[in-house]
Amino acid sequence: MENIVYLCTLFNESIMIKTVIAGPCSVESREQLRQITAALSAMPRVSLIRAGVWKPRTRPGGFEGLGEPALQWMQELAQEYGVQYCCEVARPEHVELCQRYGVTTVWIGARTTGNPFMVEELCAALAGSGMTVLVKNPTSPDVSLWLGAIERVQQAGVAAVSAVHRGFAMYHNHGYRNEPLWEVPMTLRREMPQIPLLCDPSHIGGRSDLVAQLANTAAQFDYDGLMVEVHPDPESALTDVPQQLTPAAFADLLSSLPSVASHLSPVTSQQLLPLRRQIDEIDHELLSLLARRMEMSRQISFIKRELQMPVYQSNRWADVVADRMEQAAALGLDADFTRALLEKIHGESIRVQLADEA
Ligand code: PEP
Ligand code: MN
Numbered sequence: 274m275e276n277i278v279y280l281c282t283l284f285n286e287s288i289m290i291k292t293v294i295a296g297p298c299s300v301e302s303r304e305q306l307r308q309i310t311a312a313l314s315a316m317p318r319v320s321l322i323r324a325g326v327w328k329p330r331t332r333p334g335g336f337e338g339l340g341e342p343a344l345q346w347m348q349e350l351a352q353e354y355g356v357q358y359c360c361e362v363a364r365p366e367h368v369e370l371c372q373r374y375g376v377t378t379v380w381i382g383a384r385t386t387g388n389p390f391m392v393e394e395l396c397a398a399l400a401g402s403g404m405t406v407l408v409k410n411p412t413s414p415d416v417s418l419w420l421g422a423i424e425r426v427q428q429a430g431v432a433a434v435s436a437v438h439r440g441f442a443m444y445h446n447h448g449y450r451n452e453p454l455w456e457v458p459m460t461l462r463r464e465m466p467q468i469p470l471l472c473d474p475s476h477i478g479g480r481s482d483l484v485a486q487l488a489n490t491a492a493q494f495d496y497d498g499l500m501v502e503v504h505p506d507p508e509s510a511l512t513d514v515p516q517q518l519t520p521a522a523f524a525d526l527l528s529s530l531p532s533v534a535s536h537l538s539p540v541t542s543q544q545l546l547p548l549r550r551q552i553d554e555i556d557h558e559l560l561s562l563l564a565r566r567m568e569m570s571r572q573i574s575f576i577k578r579e580l581q582m583p584v585y586q587s588n589r590w591a592d593v594v595a596d597r598m599e600q601a602a603a604l605g606l607d608a609d610f611t612r613a614l615l616e617k618i619h620g621e622s623i624r625v626q627l628a629d630e631a
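For what it's worth, my numbering labels the leading residue of the sequence shown as 274, then goes sequentially.
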């Protein structure tokens, strides 16, 4: 019985990217949109075609999108190929134009999400529209701004809202166009577990050779979907040349995603169960040890007070860190992880000692 229950749990926990949105960064011509629509409409996993109609450029002077004519082509090609499109909206007029041309899914771009005034204006236009709205993360790693934009959209009465993780602009970057900072979307998911979470690996990576790997990482983080930039001829693109995939590379990406079936075998569940039990036990032990350690800190604080010693003893702490880092290295634990953990424990120890002072 227990194993049956465990199999069901595994089913719920299995890796599954449900929604796949793909398409060019921008609509550039009727022929370009037709070509990409023909290619993507032949891929059953693609549920929606993305294509920017108004392009918010960080610096002025670039291609800023074709506007209304692009929407007309979308309407025609949607009929011809039996597909649906989505595009970015940044102004209330954009929402009205999308409605006029039958585009019923829109996204709020990263530069708009970070501005509550603009989100508010957009929400006034979205109210009662029946549209599906995807909210990209703001360019800064500020989860409240992202949550706030989603809440505003929900308060406008939009029932279908999803979040899109497209990475965060940093002064120093580590090989990505926008740092993924996976902990930020994980915080969003914890706060809003009912909101589907999609990953845009194209704007995170900024390079076509990073996109498939990022999409697979997103699958491991249990994302509900992907939004990927795909162009019939990326080198000739008018925007985001380095990151757009060819349809063939995108088909490879889709087949590289983990399949559900491989995670469902009873063998996997049998192997997982005892290991998960051990992890549970170890976590309980860790917490008991931490509670004991804090109790020691509390006792030490009474003695320090009697001896009129300051709570924070920098020499002692330097010795503790050196000793534990040596042990961690011998145990094969990551140095950054160990240092961060020690800092966290020491911070709590000081808080406990100061609380006793008060
Ligand atoms: C885009 O999707 O093409 C785009 C401009 O996205 P972002 O708002 O994430 O920069
Ligand atoms: Mn783009």
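Glycine included, C-beta positions come from ideal geometry on N, C-alpha and C.
Report task. Pull up the DSSP beta-bridge partners for residue 500, would you. Result -> Partner(s): 294.
Query raised in the report: For residue 568, is the beta carbon positioned less than 7 Å from some heavy atom of the ligand MN?
Result: Shortest gap from the CB of residue 568 to any heavy atom of the ligand MN: 7 Å or more.
Report task. Note down the Cα distance separating residue 523 from residue 476, rounded to an integer number of angstroms. Result -> Answer to the nearest angstrom: the Cα atoms are 15 Å apart.
Report task. Given a cut-off of 8 Å, decide if residue 503 and residue 338 are closer than it, judged by their beta-carbon atoms. Result -> No, these two residues do not count as a Cβ contact at 8 Å.
Query raised in the report: beta strand (DSSP E) containing residue 358: first to last residue?
Result: That run of the beta strand (DSSP E) goes 358-361.
Report task. Hey, could you find the ends of the alpha helix (DSSP H) residue 416 is sitting in? Result -> Counting along the chain, the alpha helix (DSSP H) containing residue 416 begins and ends at 416-428.
Query raised in the report: Quick one, which of 464, 454, 518 and 485 has its alpha-carbon nearest residue 441's?
Result: The option with the nearest alpha carbon to residue 441 is 454.
Query raised in the report: How far does the alpha helix (DSSP H) with residue 455 in it reach, from first residue to last?
Result: Note, residue 455: premise wrong, no alpha helix (DSSP H); not H, not E.
Query raised in the report: Taking Cβ positions, are residue 471 and residue 448 nearer each other than 8 Å?
Result: Not a contact, by the Cβ cut-off of 8 Å.
**Report entry** Option nearest residue 632 by Cα separation, candidates 626, 378 and 348
**Finding:** Residue 632 lies beyond the residue range present for the chain, which begins at 274 and ends at 631; the question has no answer from this structure.
Query - alpha helix (DSSP H) runs contained entirely in the stretch 295-366, provided each spans 4 or more residues - result: Those alpha helix (DSSP H) runs which fall completely within the stretch 295-366 and span 4+ residues are 303-314 and 341-354.
**Report entry** Given 8 Å, three or more beta-carbon pairs between the stretch 431-439 and the stretch 403-423
**Finding:** Short answer: they touch.
Query - Heavy atom of the ligand MN within 7 Å of residue 502 beta-carbon - result: Yes - the ligand MN has a heavy atom lying nearer than 7 Å to the Cβ of residue 502.
Query raised in the report: Would you say the beta carbon of residue 412 comes nearer than 7 Å to a heavy atom of the ligand MN?
Result: No; taking the cut-off as 7 Å, the Cβ of residue 412 has no heavy atom of the ligand MN nearer than that.
Query raised in the report: Do residue 457 and residue 414 have their C-beta atoms closer together than 8 Å?
Result: Yes.
**Report entry** Neighbourhood of residue 282 by C-beta distance below 6 Å, restricted to the same chain and skipping five residues each side
**Finding:** Unreliable positioning characterises residue 282 in this predicted model, as indicated by a pLDDT of 46, which lies under 50. A coordinate reading is not provided.
Report task. Return yes when the Cβ of residue 492 is within less than 8 Å of the Cβ of residue 526, no when it is not. Result -> Pairing residue 526 with residue 492 gives a Cβ-Cβ distance that is not under 8 Å.
Query raised in the report: residue 346 and residue 306: beta carbons closer than 8 Å?
Result: Cβ atoms of residue 346 and residue 306: closer than 8 Å.
Query raised in the report: Whose C-beta lies closer than 8 Å to the C-beta of residue 617 among residues of the same chain, with five residues either side of it excluded?
Result: For residue 617, same chain residues with a beta-carbon under 8 Å away, outside a window of 5 residues either side, do not exist.
Query raised in the report: Alpha carbon to alpha carbon, how far is residue 336 from residue 303?
Result: So the two alpha carbons sit approximately 16 Å from each other.
Report task. Below 6 Å CB to CB, which residues in the same chain sit around residue 331 once its five sequence neighbours on both sides are set aside? Result -> Excluding positions up to five away in sequence, the list is empty.
**Report entry** Buried or exposed (CB count within 10 angstroms, at least 16 for buried), residue 560
**Finding:** Exposed: under 16 other Cβ atoms inside 10 Å.
Query - Under 8 Å between C-beta atoms of residue 329 and residue 384 - result: Taking 8 Å as the Cβ cut-off, residue 329 and residue 384 qualify as a contacting pair.
Report task. Would you identify the three-state DSSP class for residue 407, choosing helix, strand or coil? Result -> Correct three-state label for residue 407: strand.
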